[in-house]
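Novice: Going by our numbering, the sequence shown opens with residue 2, and the numbers climb by one from there.
Even glycine gets a Cβ: it sits at the ideal position worked out from N, Cα and C.
Note that this is a predicted model, so its numbers are computed, not measured.
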Amino acid sequence: MLGKKKEILPEDEVHLKPILGVKPGVYLSVLYMFIFLTICFCALVWPGLAKPGTVFALESEPAGAAVRVDDVYMGTTPCDVFIPQGAHQLVLTLPGFAPQERSIMVERRVFASVFFPHKERVVETLTETADTAALLQGVSEYAAWSFTGEPTTIYQIPRSLSEGVYRSGPIAATPRGYEAIDDLLRGAARFTTTRAAARDLIRAKALADNAGLASSPLSLLSSIEDALAYLSETPGSAAWLAALLPKEASEAISSSSWYAKLSQDQPVSRFPAGFGETFIIEAMPFRELTGATLAQGEAFPHEIEINGFLIAVNEVSREAWDTFLAAAPRWRSDNLTALKTQGLVSEDYLLSLNAESSTIPSVSWHAANAFCAWLTTLLPPALNGYEVRLPTEAEWEYAAKMAEQNHGVLQDMNGGLWEWCADPYTPLNFLPAKPGIIEAIASPERAVRGGSWANQPNTFDVETRGSLPSEFCSPFVSFRPVIAIKGE
């Protein structure tokens, strides 16, 4: 009933008995003490005995260096890394910088190592292996990402260019270093085809103007002035911005007086009257073209001065290719596995070649260059100081436009097969950059020109550009060599 205590029955009581004459109160106290000490030992002592070592707080300048302990990757700086007790080799590496190595003797803390681990802070300053090595690595990655298109919510692209400038920032404080960085940024601009890439380029420029540090008001003003000067001196930048910016901003650019002025002041190609002499090299006819000025580009052409050269009348013939293979058996199709392993060809190398083929399809850019190097050794004494190579895009376009005016002189320049060019492919080739910088950036693809019979009619002309990885082999791609003065 309410208010009435429950009655404890005798059978509900528990009575502990002595053990070996030890009373319950004594051995229970000992047991509880043992459990308590065991818990303390497991929590405070055992971790330090079972896993002795030190936690290292690793930092580097610049940040982002890979940390390896005894050649095992452990993370990137800044990071905390546990290293076991004993002697170890610690290495920090970053592209473009000399590896930073040190031998360390790791101590331990036994008591309370879980809660208060033995900890040491290590800060390393990395040294660049070359003035712009780190930035060049970043620019090359930036160029490769330009072929993936605008990022979406599904995937994002790294800020490779601005991170490269950050790593190379200290050298921007010197005039020579700043000029080298500026040259690379101008080369990188040729790959700025997305808004994400444009943001990375702007951030990189701002970092460069403040020696790799966050922008100050003065350096930011300098960056803006440089950007405006660059746009004003580069006619193609109007079309570039109009294609890159959001719709409203693009319409504002397209309707501006600046855009209209650039549309009116376009350069004009200046070509000679026709082709020069014909030369026969290993049964291959070449026609001579004298120097010219080419207005290259679509929306806003830019002038390119072209020196004289000779160009093959036809794409490389089956007969010439067979002669090459006899002299260079390394490039035969039965050596496909080795060539693929070296990254020189793809699976389709010479796959479409048959007895009826009059030209050589399914050759890689590397194979085409090997043919040119072989043919150079066979040039007559009259062409001493010349070399055989693939045409630049400008040379190819010049020859194709001359062929349109002089029908029958060059065969299949437009609609035969796509033809390899020497140039690394840059999406925005109208933006100025030094030739050596363009090669150093190492675009992941090479230019092809001319279209092929497999393309839909009226979908290409002599100005249409394409690109492929240099090892790629396609039944719709061949090549046409030129002979030019060495080094030009």
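#1: Note the first and the last residue of the continuous alpha helix (DSSP H) segment covering residue 367.
#2: Taking all protein chains shown into account, do 16 or more other C-beta atoms lie within 10 angstroms of the C-beta of residue 388, making it buried, or fewer, making it exposed?
#3: Taking residue 417 as the reference, give the member of 362, 375 and 347 with the closest Cα.
#4: For residue 407, which residues from the same chain have a beta carbon less than 8 Å from its beta carbon, with the 5 sequence-adjacent residues on both sides left out?
#5: Curious, which full-length alpha helix (DSSP H) runs of at least 4 residues does the segment 182–224 contain?
#6: What does DSSP give as the partner residues of residue 421 in its beta bridges?
#7: Residue 284 by DSSP, collapsed to three states: which one?
#8: Under 8 Å between the Cβ atoms of residue 422 and residue 447?
#9: If the criterion is Cβ atoms closer than 8 Å, does the pair residue 136 and residue 185 meet it?
#10: Just the C-alpha distance for residue 365 and residue 278, rounded to the nearest angstrom, thanks.
#11: What does the Cβ neighbour count give for residue 91, buried or exposed, with the cut at 16 atoms within 10 Å?
#12: From which residue to which residue does the beta strand (DSSP E) around residue 319 run?
#13: Do residue 229 and residue 199 count as a contact pair if the criterion is CB distance below 8 Å?
#14: Could you check if residue 454 is buried or exposed, using at least 16 other CB atoms within 10 Å of its CB as the buried criterion?
#15: Short of 8 Å in beta carbon distance, which residues of its chain neighbour residue 213, apart from the five on each side in sequence? Order them along the chain.
#16: Looking only at its chain, what residues have a beta carbon closer than 7 Å to the beta carbon of residue 77, apart from the 5 residues adjacent to it on each side?
#17: Against chain C, with Cβ distances strictly below 8 Å, would residue 238 count as a contact?
#18: Round the Cβ separation of residue 394 and residue 430 to the nearest angstrom and send it over; I've been treating them as touching at under 8 Å.
#19: Residue 143: buried (16+ other C-beta within 10 angstroms of its C-beta) or exposed?
#20: Three Cβ pairs or more, each shorter than 8 Å: is that satisfied between the segment 336–347 and the segment 471–485?
#21: Tell me whether residue 20 is buried or exposed, calling it buried when 16 or more other Cβ atoms sit within 10 Å of its Cβ.
#22: Leaving out five residues before and five after residue 427 in sequence, what residues of the same chain have Cβ atoms less than 7 Å from its Cβ?
#23: Rounded to whole angstroms, what's the CA-CA distance from residue 208 to residue 216? Just pull it up for me.
#24: Could you give the first and the last residue of the continuous alpha helix (DSSP H) run that contains residue 403?
#25: How many Å lie between residue 84 and residue 121 at the Cα?
#26: Who are the near neighbours of residue 359 in its chain, counting only those whose CB is closer than 8 Å to its CB and skipping five residues on each side?
#27: With 16 as the cutoff for other CB atoms within 10 Å, does residue 529 come out buried or exposed?
#28: Going by DSSP in three states, residue 360 sits in which element: helix, strand or coil?
#29: Note down, in chain order, each residue of its chain lying with its Cβ closer than 7 Å to the Cβ of residue 255, except the 5 sequence neighbours on either side.
#30: Whose C-beta lies closer than 8 Å to the C-beta of residue 159 among residues of the same chain, with five residues either side of it excluded?
#31: Starting from residue 166 and walking both ways along the alpha helix (DSSP H), at which residues does that stretch end?
#32: I need the straight-line Cα distance from residue 376 to residue 459, nearest angstrom please.
#33: My assumption, with CB atoms under 8 Å, is that residue 179 sits in contact with residue 293. Please give the rounded CB distance.
#34: Ignoring anything shorter than 4 residues, give me the alpha helix (DSSP H) runs that lie fully in the segment 27–80, in order along the chain.
#35: Would you mind working out which of 59, 153 and 486 sits nearest residue 289, comparing C-alpha positions?
#36: Exposed or buried, residue 450, counting other C-beta atoms within 10 Å across all chains shown (16 or more means buried)?
Specialist: Quick look at the numbers:
#1: 366–377
#2: buried
#3: 362
#4: 275 and 276
#5: 196–209
#6: 449
#7: coil
#8: yes
#9: yes
#10: 30 Å
#11: buried
#12: Segment 319–328 is the alpha helix (DSSP H) holding residue 319; no beta strand (DSSP E) there.
#13: no
#14: exposed
#15: 63, 166, 167, 168, 169, 170, 171 and 173
#16: 65, 66, 67 and 68
#17: Protein chain content of the structure displayed is limited to a single chain, and chain C is not contained in it.
#18: 7 Å
#19: buried
#20: yes
#21: exposed
#22: 191, 192, 439 and 444
#23: 6 Å
#24: 394–406
#25: 11 Å
#26: 318 and 319
#27: Only positions 2 to 489 of the chain appear in the structure, and residue 529 is not among them; the question remains open.
#28: strand
#29: 243
#30: 142 and 146
#31: 161–168
#32: 35 Å
#33: No, residue 179 and residue 293 are not in contact; Cβ-Cβ is about 36 Å, not under 8 Å.
#34: 47–51
#35: 486
#36: buried
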